[in-house]
Structure formats: C-alpha cells, structure tokens
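S.K.: Numbering of the sequence shown is given in this note's numbering, commencing with residue 692 and proceeding in unit increments.
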Amino acid sequence: LIVVAPFYRDIADQLIAGATAEIEASGGTWDLVEVPGALEVPTAIGIAERMSNFDGYVALGCVIRGETTHYDIVAGESARAIMDLNLEGGCIGNGILTVENEAQALARARVSEMNKGAGAAEACIALARYRMAVEQEQDNA
Numbered sequence: 692l693i694v695v696a697p698f699y700r701d702i703a704d705q706l707i708a709g710a711t712a713e714i715e716a717s718g719g720t721w722d723l724v725e726v727p728g729a730l731e732v733p734t735a736i737g738i739a740e741r742m743s744n745f746d747g748y749v750a751l752g753c754v755i756r757g758e759t760t761h762y763d764i765v766a767g768e769s770a771r772a773i774m775d776l777n778l779e780g781g782c783i784g785n786g787i788l789t790v791e792n793e794a795q796a797l798a799r800a801r802v803s804e805m806n807k808g809a810g811a812a813e814a815c816i817a818l819a820r821y822r823m824a825v826e827q828e829q830d831n832a
C-alpha cells in the first residue's frame with residue numbers, strides 16, 4: 692500500500708511515479724491512499740495494518756521548513772510514528788521528504804534525479820521479503 696500526503700502535488704506525483712515503478716519492477720502490485728498531511732500517513736498505515744492484508748507500506752510526502760517550529764514537529768513525529776510501526780513489524784519504507792526548500796524536495800523526488808519514491812519502495816520490499824522469509828523459517832521449524 693502506498694500512502695501519500697499530496698500537499699505538494701508535483702513532488703508527491705514524482706514520489707508516486709518512482710515508488711510504483713519500483714514495485715512493478717519487483718513483480719508486485721500496489722494500491723494508493725491519499726491523506727491530508729504527513730502526520731496522517733502513519734495513522735493510515737496503522738489502520739491498514741490492523742484491518743487489511745498488505746505485505747508492506749510506502750509512506751510518501753514532503754515537509755518543507757517554514758518560519759515556525761511546525762516543521763520540526765511534523766518531520767519528527769511522522770518519522771517517529773513510522774519507526775514505531777516498523778518496530779511492530781509494519782514493513783514500511785519511509786519516503787516522507789524533510790527538506791529546507793522546494794528545490795531540494797524536487798531534486799529528491801524526481802525519478803530522473805534522487806528518486807526517493809523508488810528508494811522507499813525498495814526498503815518496503817526488502818523488509819516485506821525479510822518478514823516473509825522469517826515466517827517461512829518458523830513454519831518449517
């Protein structure tokens with residue numbers, strides 16, 4: 692499941708393009724959910740983890756530093772919540788960009804540049820494969 696906060700639509704679209712291409716290249720399929728902001732991304736993933744049957748999650752969005760401390764709260768708390776879910780076995784690739792300005796965000800989001808959407812999908816796939824391998828080992832023990 693790809694969960695995206697599309698507050699900055701052009702950046703989100705690039706992240707989604709990178710993530711979907713990576714998932715498809717690995718032979719996987721994906722669904723997409725949009726939420727209002729980066730703080731809602733982990734909440735949506737937590738709901739899906741409890742109520743659905745996804746192998747993993749790709750968290751996408753962008754937080755750009757502004758004039759207040761809101762940036763620090765959103766960046767830190769969204770990352771903390773995603774890590775908490777990962778430690779519970781969530782298999783989440785974190786592609787929520789935390790940057791100083793839009794130019795940095797675009798450089799990281801663009802498929803032709805840093806392609807952080809693909810990187811987040813790659814992390815998700817690696818974690819999901821590891822979890823499946825561990826589950827298979829337990830079944831064979």
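Just so you know, even glycine gets a beta-carbon here, dropped at the ideal spot from N, CA and C.
This structure is a prediction, so every number in the text was calculated from the model and none was measured.
Whole angstroms is fine: what's the gap from D722's alpha carbon to E758's?
M.R.: 35 angstroms
S.K.: Quick check: what's the CA-CA separation for G752 versus G808?
M.R.: Taking the straight line from one Cα to the other gives about 9 angstroms.
S.K.: Helix, strand or coil for Y699 per DSSP?
M.R.: In the structure shown, Y699 adopts coil according to DSSP, grouped into three states.
S.K.: Return yes when the Cβ of E731 is within less than 9 angstroms of the Cβ of L776, no when it is not.
M.R.: Going by C-beta atoms, L776 is not nearer than 9 angstroms to E731.
S.K.: Are A772 and P733 touching if we call contact CB-CB under 9 angstroms?
M.R.: yes
S.K.: Give me, in chain order, the residues of the same chain whose beta-carbon lies closer than 7 angstroms to that of T789; leave out the 5 immediate sequence neighbours on both sides.
M.R.: Cβ contact annotation for T789 (same chain, cutoff 7 angstroms, sequence separation greater than five): V754, A766, in chain order.
S.K.: So which of G781, D830, E793, V726 has the shortest CA-CA distance to M742?
M.R.: Comparing Cα positions, the closest option is G781.
S.K.: Counting only the same chain and skipping the five closest in sequence on each side, list residues whose C-beta sits under 7 angstroms from that of C815.
M.R.: G747, Y748, V749, C782, I783, G784
S.K.: Need the endpoints of the alpha helix (DSSP H) that A800 sits in, please.
M.R.: 793-800
S.K.: Decide if L778 is buried, meaning its Cβ has at least 16 other Cβ atoms within 10 Å, or exposed.
M.R.: exposed
S.K.: State the CB to CB distance for the pair I714 and A819, rounded to an integer number of angstroms; the pair is presumed to be in contact (CB under 8 angstroms).
M.R.: Actually they are not in contact, since the Cβ atoms of I714 and A819 sit about 10 angstroms apart, beyond 8 angstroms.
S.K.: Give the secondary structure of C753 by DSSP, where H, G and I count as helix, E and B as strand, and everything else as coil.
M.R.: strand
S.K.: Contact check, M693 vs A800 under 8 angstroms by CB: the rounded distance?
M.R.: First, the residue type needs correcting, since residue 693 is Ile and not Met in the sequence shown. Between A800 and I693 the Cβ distance is about 14 angstroms, and since that is not below 8 angstroms, they are no contact.
S.K.: By a C-beta neighbour count over all protein chains shown, 10 Å radius and 16 as the cutoff for buried, is V695 buried or exposed?
M.R.: buried
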